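Residue numbers for the sequence shown follow the working numbering, beginning at 106 and rising by one.
Idealized CB from N, CA, C, for every residue including glycine.
Note that the coordinates shown come from a computational prediction; the quantities given were computed from them, not determined experimentally.
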Amino acid sequence: MYSYSKSEMLFGKAKEVIPGGVNSPVRAFKSVGGVPVFMQRAQGPFMYDVDGNRYIDYINSWGPMILGHAYEPVVKAIQEYAAFSTSFGAPTELEIKIAELIVSMVPNIDMVRMVNSGTEACMTALRLARGYTGRNKFIKFEGCYHGHADAFLVSAGSGVATLGIQSVPGVTATVADDTLTAPYNNLPAVEQLIAGNPEQIAAIIVEPVAGNMGCILPQPGFLEGLRQLCDANGILLIFDEVMTGFRLARGGAQELFGIRADLVTFGKIIGAGMPVGAVAGPKAIMENLAPAGKVYQAGTLSGNPIAMIAGYTLLQTLNENPVIYQQLQEKADYLVSGLREAFGASGSVYQINTLGSMLSVHFTEYPIIDFTSASAANNELFRRFFHAMLERGVYLPPSAFESWFMCNALTTEELDATIQAAKAAMQAIKQ
Ligand code: PLP
Numbered sequence: 106m107y108s109y110s111k112s113e114m115l116f117g118k119a120k121e122v123i124p125g126g127v128n129s130p131v132r133a134f135k136s137v138g139g140v141p142v143f144m145q146r147a148q149g150p151f152m153y154d155v156d157g158n159r160y161i162d163y164i165n166s167w168g169p170m171i172l173g174h175a176y177e178p179v180v181k182a183i184q185e186y187a188a189f190s191t192s193f194g195a196p197t198e199l200e201i202k203i204a205e206l207i208v209s210m211v212p213n214i215d216m217v218r219m220v221n222s223g224t225e226a227c228m229t230a231l232r233l234a235r236g237y238t239g240r241n242k243f244i245k246f247e248g249c250y251h252g253h254a255d256a257f258l259v260s261a262g263s264g265v266a267t268l269g270i271q272s273v274p275g276v277t278a279t280v281a282d283d284t285l286t287a288p289y290n291n292l293p294a295v296e297q298l299i300a301g302n303p304e305q306i307a308a309i310i311v312e313p314v315a316g317n318m319g320c321i322l323p324q325p326g327f328l329e330g331l332r333q334l335c336d337a338n339g340i341l342l343i344f345d346e347v348m349t350g351f352r353l354a355r356g357g358a359q360e361l362f363g364i365r366a367d368l369v370t371f372g373k374i375i376g377a378g379m380p381v382g383a384v385a386g387p388k389a390i391m392e393n394l395a396p397a398g399k400v401y402q403a404g405t406l407s408g409n410p411i412a413m414i415a416g417y418t419l420l421q422t423l424n425e426n427p428v429i430y431q432q433l434q435e436k437a438d439y440l441v442s443g444l445r446e447a448f449g450a451s452g453s454v455y456q457i458n459t460l461g462s463m464l465s466v467h468f469t470e471y472p473i474i475d476f477t478s479a480s481a482a483n484n485e486l487f488r489r490f491f492h493a494m495l496e497r498g499v500y501l502p503p504s505a506f507e508s509w510f511m512c513n514a515l516t517t518e519e520l521d522a523t524i525q526a527a528k529a530a531m532q533a534i535k536q
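Dropping the structure here:
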């Protein structure tokens, strides 16, 4: 039996000085209950908590640790660059190198603006789309999460869905009024919104594979349909690739699905887990950003040298070794088929949605295609499954409204251990 006594003690202390004891809501285990596990270190596919427990990690810092934790070339690069300074507040050659690398990897972009988080990236993309089109409204999808800027906290996924918050106090009605929402995978609803708000919609922002209500795949024709609607109505299509970028393919979802976005947002992975985000797109749009244009955006720590060298090292590895994506796919296939066996043997109804190295499990007989179907699954069973897995050394996202992320440091040994844990967990929670 795992003991969590130090985590329990630390959570008690944390609640005195940090609201809710955590610096980002989903970490608090609110939807699965219990005490959040406080981590001490991580290596490869494993995380180790303050009580000395070891976990196979399926969060991977919510995506960026695609090659596993403490990937040696990244650690070494950070150590070397930290000695030069942790921040200059002035441009560096490194920023050009990482921008050039991103432009070479991602289709349909000429320019990249670095920011400090996925939230900032989406916020900037939206402001840019509004500035470029001269329109105010935008469309997002229920259960998609684009960070915590006011405009996006309407029908949001991730922690907002996990905590069941319907409308966020502090977000004014004036701001929320410009956010139009449609169910994911529902083109007719989007068409209706466009028809009802002629020449008022600046952008449609979408997670091309949704990862904030579990993992939900775009149905055939959905992304293509959005592209067509945008083209026909002078609307910019923003792909939020904070989760999918450099993970589903070197060039992200645009490459995988062969669909062009007008703007793309990235997050955590381009800093290899350091606090980074970016917005990217063609010159004609991107040059509207200050100081080239009038759409203002800035950041003291943007392009931070430590984040840039960490990200550059990781992205270069991904760029030079496309076999990584094939290996990740094989590992995901292996895990998913083992999980199907485990759930099948337990007699529980379940759905596994998966693409590349992203997946999620929902306990229901119905396909999970949008926020409504994700919400209708048996999330109480997920809660029990989560804890039964945790006790067996497998760290899953502590909410059914999150995607699992696999890393390439996983070997058959850890995958087999995960499948065995799932079999035992399902037997244990049936009783
Ligand atoms: N967009 C998506 C798709 C995300 O998954 C997230 C966070 O998980 C964000 C935006 C916000 O990124 P950050 O937490 O770095 O602000």
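Is the beta carbon of Arg320 within less than 7 Å of some heavy atom of the ligand PLP? Walking along the sequence shown from the start, residue 320 turns up at place 215. Correcting the residue type first, residue 320 is Cys in the shown sequence and not Arg. Result no, Cβ not under 7 Å from the ligand PLP.
Quick check: is any heavy atom of the ligand PLP less than 7 Å from the C-beta of Cys512? Numbered from its first residue, the sequence shown carries residue 512 at position 407. Because no heavy atom of the ligand PLP lies under 7 Å away, the Cβ of Cys512 does not count as near it: no.
Delimiting residues of the beta strand (DSSP E) encompassing Asp215: For the purposes of this step, residue 215 is taken as residue 110 along the sequence shown, with counting starting at 1. Asp215 -> no beta strand (DSSP E), and no H or E assigned at all.
Beta bridge counterpart(s) of Gly386 as assigned by DSSP: Start at 1 with the first residue of the sequence shown, and residue 386 comes out as number 281. Answer is Met216, bridged to Gly386.
List, from N- to C-terminal side, the beta strand (DSSP E) runs of 3 residues or more that fit wholly inside the region 294-348. 306-311 and 341-345
Pairwise C-alpha distance: Thr418 and Gly326: Here residue 326 corresponds to residue number 221 of the sequence shown, with the count starting at 1. Here residue 418 corresponds to residue number 313 of the sequence shown, with the count starting at 1. Their Cα atoms are separated by approximately 36 Å.
Glu435 versus Ile306 - alpha carbon distance: Here the question's residue 435 lines up with position 330 in the sequence shown. Here the question's residue 306 lines up with position 201 in the sequence shown. Answer to the nearest angstrom: the Cα atoms are 41 Å apart.
So is Val211 buried or exposed if we call it buried at 16+ other beta carbons inside 10 Å? As a first step, residue 211 is located in the sequence shown; it is residue number 106 there, counting from the start. Counting Cβ neighbours within 10 Å, Val211 comes out buried, since at least 16 surround it.
Test item: CB-CB of Leu444 and Cys320 under 8 Å: Locating residue 444 in the sequence shown gives position 339, where the first residue counts as 1. Locating residue 320 in the sequence shown gives position 215, where the first residue counts as 1. Cβ distance not < 8 Å, so Leu444 and Cys320 don't count as in contact.
Is the closest heavy atom of the ligand PLP to the C-beta of Lys373 under 7 Å? Along the sequence shown, read from residue 1 onward, the residue named residue 373 stands at position 268. True, at least one ligand heavy atom lies under 7 Å from that Cβ.
How should Gln402 be labelled, buried or exposed, when 16 other C-beta atoms within 10 angstroms of its C-beta is the threshold for buried? Translated into positions along the sequence shown, residue 402 becomes position 297. Buried, by the Cβ-count rule.
With 16 as the cutoff for other CB atoms within 10 Å, does Val295 come out buried or exposed? Position 190 of the sequence shown, counted from the start, is the residue given in the question as residue 295. Buried.
What is the C-beta distance between Val466 and Ile457, in whole angstroms, given that I count them as a contact (C-beta under 8 Å)? For the purposes of this step, residue 466 is taken as the residue at position 361 of the sequence shown. For the purposes of this step, residue 457 is taken as the residue at position 352 of the sequence shown. Their Cβ separation, rounded to whole angstroms, is 6 Å, which keeps Val466 and Ile457 in contact under 8 Å.
Proximity of Gly382 and Val208 at Cβ, strictly below 8 Å: The count along the sequence shown starts at 1 and reaches residue 382 at position 277. The count along the sequence shown starts at 1 and reaches residue 208 at position 103. It is not a contact, given that the beta carbons lie outside the stated cut-off.
Minimum length 4: unbroken alpha helix (DSSP H) runs contained in the region 133-206: 177-187
Could you say which of Phe344, Leu322, Glu470 and Ile244 lies nearest to Ala300 if we only look at CA atoms? The sequence position of residue 300 within the sequence shown is 195, counting from 1. Of the candidates Phe344, Leu322, Glu470 and Ile244, the one whose C-alpha sits nearest the C-alpha of Ala300 is Ile244.
Exposure of Arg146, with buried meaning 16 or more beta-carbon neighbours within 10 Å: In the sequence shown, the residue the question calls residue 146 occupies position 41. Under this definition Arg146 is an exposed residue.
What residues in its chain sit with their C-beta under 7 Å from that of Glu519, if we drop five residues either side in the sequence? Within the sequence shown, numbered from 1, the residue matching residue 519 stands at position 414. Closer than 7 Å at Cβ, skipping near neighbours: Pro150 and Ile161.
His467 in three-state terms, based on DSSP: Here residue 467 corresponds to residue number 362 of the sequence shown, with the count starting at 1. Reduced to three states, the DSSP call for His467 is strand.
How would you call Val122, buried or exposed, if buried means at least 16 neighbouring beta carbons within 10 angstroms? On the sequence shown, position 17 is the one that residue 122 refers to. Under this definition Val122 is an exposed residue.
Continuous alpha helix (DSSP H) stretch holding Ile524: start and end: As a working mapping, residue 524 is identified with position 419 in the sequence shown. Per DSSP, Ile524 belongs to the alpha helix (DSSP H) from Thr517 to Lys535.
Any non-hydrogen atom of the ligand PLP closer than 7 Å to Trp167 Cβ: Position 62 of the sequence shown, counted from the start, is the residue given in the question as residue 167. Answer for Trp167: yes, Cβ within range of the ligand PLP.
Given a cut-off of 8 Å, decide if Gly316 and Ala479 are closer than it, judged by their beta-carbon atoms. Reading the sequence shown from its first residue, position 374 is the one you call residue 479. Reading the sequence shown from its first residue, position 211 is the one you call residue 316. No, they are not a contact pair.
Buried or exposed for Asp367, please, with buried defined as at least 16 other CB atoms from any protein chain shown within 10 angstroms of its CB. On the sequence shown, residue 367 is found 262 positions in, with the first residue counted as 1. Flag for Asp367 reads buried.
Counting Cβ pairs closer than 8 Å, one from the region 340-358 and one from the region 179-192, do we hit at least three? no
Using three-state DSSP, classify Tyr109 as helix, strand or coil. In the sequence shown, residue 109 corresponds to position 4, counting from 1. Reduced to three states, the DSSP call for Tyr109 is coil.
Candidates Glu496, Phe143 and Val179: which alpha carbon is nearest Met379's? Stepping through the sequence shown from its first residue, residue 379 is reached at position 274. Per the Cα distances, Val179.
Once DSSP output is grouped into helix, strand and coil, what is the label at Lys242? Residue mapping note: residue 242 aligns to position 137 of the sequence shown, counting from 1. Three-state DSSP puts Lys242 in a strand.
Using a threshold of 7 Å, is the CB atom of Met348 nearer than that to any non-hydrogen atom of the ligand PLP? The residue you call residue 348 lines up with position 243 of the sequence shown. Yes; taking the cut-off as 7 Å, the Cβ of Met348 has a heavy atom of the ligand PLP nearer than that.
In this structure, what does DSSP give as the bridge partners for Ile457? Taking the sequence shown and counting its residues from 1, the one referred to as residue 457 is at position 352. According to DSSP, which records beta bridges pairwise, Ile457 is partnered with Val466.
For the region 335-346 against the region 406-414, are there 3 or more C-beta pairs whose distance is under 8 Å? no
If you run the structure through DSSP and keep just helix, strand and coil, what is Phe362? In the sequence shown, the residue the question calls residue 362 occupies position 257. Phe362: helix per DSSP, three-state reduction.
Quick one: what's got a C-beta closer than 6 Å to Ala385's C-beta in the same chain, skipping five residues either side? As a working mapping, residue 385 is identified with position 280 in the sequence shown. Contacts found: Ile214, Val217 and Val369.
Would you mind reading off the limits of the beta strand (DSSP E) that contains Val369? For the purposes of this step, residue 369 is taken as the residue at position 264 of the sequence shown. Where Val369 is concerned, the enclosing beta strand (DSSP E) stretches over Leu368 to Phe371.
Since Phe510 sits in a beta bridge, which residues does DSSP pair it with? As a position in the sequence shown, residue 510 is number 405, starting the count at 1. According to DSSP, Phe510 bridges with Met463.
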